[in-house]
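Chains L and P supply the protein sequences, listed in that same order.
Numbered per the working numbering, the first sequence finishes at 280, counting up by one with no gaps.
Numbered per the working numbering, the second sequence finishes at 560, counting up by one with no gaps.
Ideal Cβ placement from N, Cα and C applies to all residues, glycine included.
Structure first, then comments.
2 protein chains.
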Amino acid sequence: MNTHQWTAALRVGQGFRLSDVDADATPGYHGHKADGERDLAAGLEALNELQERLFAQSRAGTARDAVLLVLQAMDSAGKGGIVRHVVGGVDPQGVSLAAFKAPTAEERAHDFLWRVAKRLPEPGFIGVFDRSHYEDVLIGRVRGLADPAEIERRYEAINAFEAEAAASGIRIVKVMLHISADEQKARLMERLDRPDKHWKYNPGDVDERMLWPQYMQAYQAVFDRTSTEAAPWRVVPANRKWYARLAVQELLLAALEDIDPQWPGADFDVEAEKKRLAAS
Amino acid sequence: MNTHQWTAALRVGQGFRLSDVDADATPGYHGHKADGERDLAAGLEALNELQERLFAQSRAGTARDAVLLVLQAMDSAGKGGIVRHVVGGVDPQGVSLAAFKAPTAEERAHDFLWRVAKRLPEPGFIGVFDRSHYEDVLIGRVRGLADPAEIERRYEAINAFEAEAAASGIRIVKVMLHISADEQKARLMERLDRPDKHWKYNPGDVDERMLWPQYMQAYQAVFDRTSTEAAPWRVVPANRKWYARLAVQELLLAALEDIDPQWPGADFDVEAEKKRLAAS
């Protein structure tokens with residue numbers, strides 16, 4: 001049933017090198033922008049049907065499975081566009097979206113996974129993490145917010161946490177949207193050029209940008225340590241927004257097709273209910 | 281700036297009688313279904329722009345205002361369709377959706393407003409309550425889940441709670457989607473006829489349906505007691521789904537235009553940042 005084999009090219013496996021990825025490329029997909037936009041629109045219908053079946057199970061109380069899309073990226077790589085144009089296409093009733101900012105004092109007082117565990121999607125839902133527990137081994141590592149031994153511990157803690165979530169029925173789709181440093185510069189400059197985009201700009205973005213090589217190293221370590229069988233990473237070239245959106249939609253479709261949700265059967269006597277309703 | 285005057289016909293004012301409302305009607309709107317669908321699509325663009333401006337303020341830390349759409353209705357009146365086709369058209373990042381089911385043991389141990397207060401939208405957000413604290417004076421009254429003195433207390437508590445929320449900057453848009461009993465019967469029958477709709481059917485829906493007159497009385501009491509200046513009720517005839525969606529979109533547009541959100545100004549030196557970015 002899985003027709004989304006072209007996304008296999010995105011999977012982070014043994015020997016993966018982030019530095020080998022061309023952020024302009026469209027791996028596995030042979031169409032151009034117009035094709036990609038057409039396929040995105042077509043995929044939305046399939047996504048809607050599968051999502052509704054999954055959600056129906058939650059209403060019927062028979063849901064066991066869920067999907068969790070984890071989005072990580074450098075600033076301006078297009079996380080927001082994925083949320084809007086891919087996730088935004090399905091019924092919001094079945095979506096739970098969590099945007100993780102810098103942790104609050106209360107969150108910092110707990111283990112780094114505390115706030116994340118609370119936001120795992122319930123059965124029947126598509127959850128989205130806009131940033132995630134990976135910040136704790138990305139900015140956490142680059143900025144030295146935790147010491148190296150703690151960072152080491154976190155990789156293992158993440159793998160155990162995700163394996164447990166996967167065993168409970170959550171299909172974890174971890175995506176790094178990968179843009180080039182040049183593309184980021186162009187996108188940030190556009191935000192500065194347009195007053196209606198100033199709100200998206202933060203001087204801190206340039207501070208992080210200046211640490212680009214360190215971030216790429218931290219991402220490489222994340223891929224080396226946390227791309228597991230239960231929760232593999234996908235690196236999606238994202239200089240072309242249309243490609244990134246299409247690829248993430250395909251990954252979600254594949255996760256939903258793996259669940260293969262069926263319409264729940266009636267847990268009542270249909271004919272008896274028809275009579276009761278007719279008489280009411 | 282407010283061009284949505286046609287929805288004025290929906291406002292619950294002095295002397296309003298629910299029994300006078302024709303659920304088939306399209307008050308204030310002179311077009312037909314095709315016009316309504318075209319206007320809904322056109323309105324979505326306006327809604328998106330206003331929502332993005334509001335959300336931008338939350339990111340910039342300057343937001344004070346929010347919108348809260350409260351949806352109440354008998355089963356099958358179309359709450360889900362409003363969430364999907366009206367709210368679902370805007371960026372999910374700026375929407376907070378709360379679906380209130382029968383209260384849990386923990387929720388029952390608190391005042392009825394406790395769980396609701398926690399889900400009020402933050403500044404910059406559009407909140408949606410799919411059912412709400414009004415259940416506590418609707419099913420609460422019809423089913424005798426609380427004694428009459430407590431129901432009386434709740435109307436006052438609701439008015440005080442909503443006045444406070446409105447004073448804090450939340451535009452409260454309270455909507456009852458009003459279908460006729462015959463239309464409900466047809467919609468529930470369709471759910472029974474289609475196996476892919478069985479999950480939407482609950483035998484309890486017919487139990488509630490049998491109390492239709494009592495529910496209409498309870499809604500009338502809600503309108504009499506809680507349609508305030510700060511948070512007026514709107515009764516939207518909903519036998520025609522296209523009309524109900526268009527009307528709710530218009531009400532949201534009016535609330536957003538009342539806020540009139542502006543793009544936040546830069547809180548940084550734009551030219552200095554351009555130089556810093558160019559050098560990075």
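- In the three-state reduction of the DSSP assignment, P:Gln529 falls in the helix class, which pools H, G and I.
- Rounded to the nearest angstrom, the gap between the Cα atoms of P:Phe380 and P:Glu551 is 48 Å.
- Chain L places no beta carbon closer than 8 Å to that of P:Glu530, leaving this residue out of the contacts.
- Chain-ordered, the chain P residues with CB closer than 8 Å to the CB of L:Glu273 read Leu472, Tyr481, Pro483, Val486.
- In the DSSP assignment, P:His365 falls within the unbroken alpha helix (DSSP H) covering 359-365.
- Under DSSP, L:Ile170 shares a beta bridge with L:Ala66.
- Here the segment 185-199 of chain L does not lie against the segment 246-253 of chain L, with fewer than 3 beta-carbon pairs under 8 Å apart.
- In the DSSP assignment, L:Trp233 falls within the unbroken beta strand (DSSP E) covering 233-237.
- Sequence-distant Cβ neighbours of P:Phe503 in its own chain, meaning closer than 7 Å and more than five residues away, are Val292, Phe296, Leu298, Trp513.
- Residues of chain L with a Cβ closer than 7 Å to the Cβ of P:Phe548 are, in chain order, Pro203.
- With a cut-off of 8 Å on Cβ pairs, the segment 435-445 of chain P is not in contact with the segment 328-335 of chain P, counting fewer than three such pairs.
- The shortest C-alpha to C-alpha distance from L:His198 to any of L:Asp24, L:Ser76, L:Glu106 is the one to L:Ser76.
- Ranked by Cα distance from P:Val375, the options P:Ala346, P:Gly424, P:Arg421, P:Asp549 are led by P:Ala346.
- The bridge partners DSSP lists for P:Gln352 are P:Met456.
- Interface residue (Cβ-Cβ distance to chain P less than 8 Å): L:Leu54 is not classified as such.
- The beta carbon of L:Leu44 sits closer than 6 Å to those of Gly89, all from its chain and outside the five residues before and after it, given in chain order.
- Between P:Asp319 and P:Ala288, the alpha-carbon positions lie close to 18 Å from each other.
- P:Arg395 has a beta carbon lying at 8 Å or more from every beta carbon in chain L.
- Looking at the backbone, the Cα of P:Val516 and that of P:Ala524 are separated by about 6 Å.
- Comparing alpha carbon positions, the residue from L:Thr226, L:Trp212, L:Val21 closest to L:Ile151 is L:Thr226.
- In the same chain as P:Ala546, and ignoring 5 residues on each side of it, no C-beta atom comes closer than 6 Å to its own.
- L:Asp20 and L:Glu208 have their C-alpha atoms roughly 22 Å apart.
- In chain P, no part has a C-beta under 9 Å from the C-beta of L:Leu246; the shortest such distance is about 19 Å.
- Proximity of the segment 160-172 of chain L to the segment 304-320 of chain P falls short of the contact definition, fewer than three beta-carbon pairs being nearer than 8 Å.
- Counting along the chain, the unbroken beta strand (DSSP E) around L:Gly127 starts and ends at 126-130.
- Following the DSSP letters along the chain, one finds P:Ser338 inside the alpha helix (DSSP H) bounded by residues 313-340.
- For L:Leu145, there is no enclosing alpha helix (DSSP H), as DSSP marks it with neither H nor E.
- One thing to note: P:Leu491 has its Cβ no nearer than 8 Å to the Cβ of P:Phe409.
- In this structure, L:Arg171 sits away from L:Ile82, with a CB-CB distance that is not shorter than 8 Å.
- For P:Leu377, the neighbours in chain L by C-beta distance under 8 Å run, in chain order, Pro92, Gln93.
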